[in-house]
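Reading through the structure tokens given below for one structure.
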Amino acid sequence: MTPTSHTLNDEAIVRFLGGLWRLNRRMKHDVSPLMEMHGLDMRRFFILFNVRKGTVYPKELSETLQIPSTLLSRYLDQLVKQGLLERQIDERDSRRTRLNVTAAGQSTFQAVVDDIKAYTSQRLVHLQPEQLFAMLDAMDMLTSLPGIAHPTAPENDE
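End of the sequence shown = 158 in full-length UniProt numbering, gap-free, step of one.
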């Protein structure tokens, strides 16, 4: 179904963006302390999440998470120092570094997931199952769309 100008009025777009912003802020505000109890923040949590899922090379991780490689390197250093992640030379290509979640990283990650699940469930229980799945499907669809080129800013002729 292609949206029409009738369905995408200014109010709907502003409501959508405002709702995303408020929900993101609320969730981050409420979930961050749960992560901090385990020595993590949102970025380091998602680094562990993605390495556990199989994104084991720093370059791929940087692209997946859209984090500049220099900043990612600092986060990786922190996770290594915490004993949650380890860097190893790739057995198939000695020029590459491979990331692995340690046993401590696995247990820390699971503890954070358990805490987040308990918190998030208290919110999601207010949605009917069909509302939840519609929201999840919409989020998946919107995040899978290719990037849209931004118009260039008008040049200033001063």
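Glycine included, every Cβ here is placed at the ideal spot set by N, Cα and C. What you are looking at is a predicted structure, and each value in this text was computed from that prediction instead of being measured.
Residue i versus residue j: straight-line alpha-carbon distance, rounded
i	j	result
Asp93	Asp140	34 angstroms
Met1	Arg52	Any reading at Met1 must be qualified, since the residue scores a pLDDT of 48, below 50, and its modelled position is unreliable; the value itself is stated next. Their backbone Cα atoms lie some 36 angstroms apart in a straight line.
Gln82	Asp10	47 angstroms
Leu79	Met42	13 angstroms
Glu158	Arg26	With a pLDDT of 47 at Glu158, under the threshold of 50, the predicted position of this residue should be treated as unreliable, though the coordinate-derived value follows. Each residue's Cα considered, the two are about 43 angstroms apart.
Ala149	Val56	29 angstroms
Phe109	Leu34	11 angstroms
Pro68	Tyr75	11 angstroms
Val101	Ala12	42 angstroms
Leu124	Val113	15 angstroms
Asn24	Leu17	11 angstroms
Ser62	His126	35 angstroms
Ala134	Leu40	30 angstroms
Gln66	Pro129	31 angstroms
Asp115	Ser107	12 angstroms
Phe49	Glu86	14 angstroms
Selection from the options that minimises the alpha carbon distance to residue i
i	options	result
Met111	Gly19, Glu36, Gly18, Lys28	This sequence places Ala at residue 111; Met is not what is there. It is Glu36 whose Cα lies nearest to the Cα of Ala111.
Phe46	Thr120, Gly105, Leu132, Leu124	Gly105
Lys96	Ser69, Pro151, Lys59	Checking the sequence, you will find Arg at residue 96 rather than Lys. Considering only alpha carbons, the answer is Lys59.
Glu91	Leu84, Leu85, Leu99	Leu99
Arg44	Asp77, Ile116, Ala134	Asp77
Ala103	Gln88, Ile89, Ser73, Leu84	Leu84
N- and C-terminal bounds of the beta strand (DSSP E) containing residue i
i	result
Glu86	85–89
Residue range of the unbroken alpha helix (DSSP H) whose run includes residue i
i	result
Asn24	10–36
Ile47	42–53
Thr152	Looking at the DSSP string, Thr152 is not in any alpha helix (DSSP H), and its letter there is neither H nor E.
Pro68	Unbroken run through Pro68: none, as it is neither H nor E.
Requested in this report: Evaluate the contact criterion for the stretch 113–125 versus the stretch 26–35: three or more CB pairs, one atom per stretch, below 8 angstroms.
Outcome: Touching, yes.
Query raised in the report: Which runs of the beta strand (DSSP E) spanning at least 3 residues fall entirely within the stretch 89–150, listed in chain order?
Result: Here the runs fully enclosed are 97–101.
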